[in-house]
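See below for the structure under consideration.
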Amino acid sequence: MKKLSLVVPCYNEEESIPLFYRTVSKVIDSMNTPTPTVEPEYIFVDDGSSDHTLKEMKELHQNHPETVHYRSFSRNFGKESALAAGLQATTGDMVAVMDVDLQDPPELLPQMVDLIENDDYDCVGTIQKERRGQSKLRAFLSSSFYRVINKISDVRIEPNARDYRLMTRQFVDTVTSLPEFNRFSKGIFSWVGFKTTYLTYESQPRAAGTTHWNLRQLFAYSIEGIIDFSNAPLRLATWVGSISFFLSIIGIIFVIVRALTVGGAVAGWPSLVAIMLFIGGIQLFCLGILGQYINKIYLETKHRPKYIVREEE
Ligand code: UDP
Ligand code: MG
């Protein structure tokens, strides 16, 4: 019998946790009839919730001490950290990552397990079909993000792929062995390679609670992904700098030639100021890009832990 670990990051999800457990354990039960095939292991990660999320986890653990475990953070570290902490704690032969709000349909698990067991895949990811009720702007921004990042980054990021995926032990061990502090898991999962396939499913409404993402956070997250997995912005800075240097050389030659041939009075102050502002703007823009990368280096060199566990069981 194979052991199946489920990593479940939770941030203020007191309502969803019991619902999640009930729904998923039903699916696991169905996989184990008539013959037992998988032995579940639940790893709930409480990402510094301020409601009764931890209490719900403790209750589940008390009722199922063998199969349910939890790790609770000292504060909110973000989903990426929760994922890292969860993956680190798993002992299963296969590991699934799932949101607790049931937007990741557990009914796909049997098919995912089958693909890994019988089709020799190392990872089965999931892609969500276009979200109903999603605003046009959001859909446009999200598709632009995938277009840009796939054009300029070293890794291929499947458009609309969820974090919901099933991985082999080897795949998970590789992911957790990457020591970086800045963890953009969509990129990391793709960077490690291995044989990955994707299942597509209709988007699901949240079972309870509300989403933790607003547009600003999603934008910041996209920039994060680009900076973490591409140096194209740095190349852009170099190019913009080189082109403006080249243009200025032409300008200088033009001015010298004109002074020697036509001569003429001092003129063009407004255009001079405009040009200075333009060059200054480009310089600040490029410095800003550099700053983004230096900030990442700074965070990495501090060697701070990705999360702090307050209690676990
Ligand atoms: N989550 C987390 N830490 C956070 C924000 C979210 O662990 O700081 C968890 C959350 O509890 C949920 C999953 O990450 O299980 C996905 O969050 P959400 O449903 O808000 O995102 P969406 O599905 O809207 O993309
Ligand atoms: Mg959700």
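Residue numbers (UniProt numbering): 1 to 313.
Where a beta carbon is used, it is the ideal one built from N, C-alpha and C, also for glycine.
Quick one, are the C-beta atoms of residue i and residue j less than 8 angstroms apart?
{"i": "Val155", "j": "Ser190", "result": "yes"}
{"i": "Val97", "j": "Tyr198", "result": "no"}
{"i": "Ala161", "j": "Lys186", "result": "yes"}
{"i": "Gly241", "j": "Thr196", "result": "no"}
{"i": "Asp93", "j": "Lys151", "result": "no"}
{"i": "Thr176", "j": "Ile127", "result": "no"}
{"i": "Gln204", "j": "Pro105", "result": "yes"}
{"i": "Glu312", "j": "Ser74", "result": "no"}
{"i": "Ile43", "j": "Ser81", "result": "no"}
{"i": "Tyr293", "j": "Ile226", "result": "no"}
{"i": "Tyr121", "j": "Leu60", "result": "no"}
{"i": "Ile289", "j": "Leu247", "result": "no"}
{"i": "Thr67", "j": "Glu14", "result": "no"}
{"i": "Val172", "j": "Val95", "result": "yes"}
{"i": "Leu166", "j": "Ile116", "result": "yes"}
{"i": "His69", "j": "Ala89", "result": "yes"}
{"i": "Pro34", "j": "Lys79", "result": "no"}
{"i": "Val192", "j": "Thr174", "result": "yes"}
{"i": "Phe194", "j": "Cys123", "result": "yes"}
{"i": "Asp99", "j": "Asn76", "result": "no"}
{"i": "Ala85", "j": "Val309", "result": "yes"}
Comparing C-alpha positions only, which one of the options sits nearest to residue i?
{"i": "Val45", "options": "Asp51, Tyr11 and Thr37", "result": "Tyr11"}
{"i": "Arg206", "options": "Asn76, Tyr21, Leu4 and Ser16", "result": "Ser16"}
{"i": "Thr91", "options": "Gln170, Ser153, Thr126 and Val273", "result": "Gln170"}
{"i": "Lys306", "options": "Leu87, Pro34, Thr126 and Leu234", "result": "Leu87"}
{"i": "Asp183", "options": "Ile308, Ile28, Leu299 and Asp51", "result": "It is Arg, not Asp, that sits at residue 183 in the sequence shown. Answer by Cα proximity: Leu299."}
{"i": "Pro110", "options": "Glu39, His64 and Trp213", "result": "Glu39"}
{"i": "Phe245", "options": "Ser25, Met112 and Met276", "result": "Met276"}
{"i": "Thr210", "options": "Lys55, Leu102, Glu180 and Gly263", "result": "Leu102"}
{"i": "Leu272", "options": "Leu287, Asp47 and Ile252", "result": "Ile252"}
{"i": "Ser230", "options": "Gly263, Ile28, Ile188 and Leu83", "result": "Ile188"}
{"i": "Pro159", "options": "Val255, Lys129, Val262 and Gln62", "result": "Lys129"}
{"i": "Pro18", "options": "Arg310, Asp29, Met57 and Asn32", "result": "Met57"}
{"i": "Asn214", "options": "Val257, Val262, Leu141 and Ser153", "result": "Leu141"}
{"i": "Glu202", "options": "Leu108, Phe278, Asp51 and Phe181", "result": "Leu108"}
{"i": "Phe285", "options": "Thr261, Ser135 and Trp239", "result": "Trp239"}
{"i": "Asn32", "options": "Arg216, Val113 and Leu287", "result": "Val113"}
{"i": "Ile279", "options": "Ser153, Ile243 and Gly263", "result": "Ile243"}
Can residue i be considered in contact with the ligand MG, in the sense that its beta carbon sits closer than 7 angstroms to one or more heavy atoms?
{"i": "Thr126", "result": "no"}
{"i": "Gln292", "result": "no"}
{"i": "Thr210", "result": "no"}
Are there any heavy atoms of the ligand UDP lying less than 7 angstroms away from the beta-carbon of residue i, as far as the coordinates show?
{"i": "Val100", "result": "yes"}
{"i": "Gln204", "result": "no"}
{"i": "Gln103", "result": "yes"}
{"i": "Ala82", "result": "yes"}
{"i": "Asp122", "result": "no"}
{"i": "Gly78", "result": "yes"}
{"i": "Glu15", "result": "no"}
{"i": "Met18", "result": "In the sequence on display, residue 18 carries Pro and not Met. Outside the cutoff, so no."}
{"i": "Tyr11", "result": "yes"}
{"i": "Trp191", "result": "no"}
{"i": "Asp47", "result": "yes"}
{"i": "Trp239", "result": "no"}
{"i": "Trp213", "result": "yes"}
Can you find a C-beta in chain C that's less than 8 angstroms from the C-beta of residue i?
{"i": "Leu83", "result": "As a matter of chain content, chain C is missing from the structure shown, which is built from one protein chain."}
Can you list the alpha helix (DSSP H) stretches of 4 or more residues lying completely in the region 203-257, in chain order? 215-229
Which residue spans inside the region 26-51 form an unbroken beta strand (DSSP E) run of at least 3? 38-46
Give, in chain order, every unbroken run of the alpha helix (DSSP H) that is at least 4 residues long and sits entirely within the region 143-174. none
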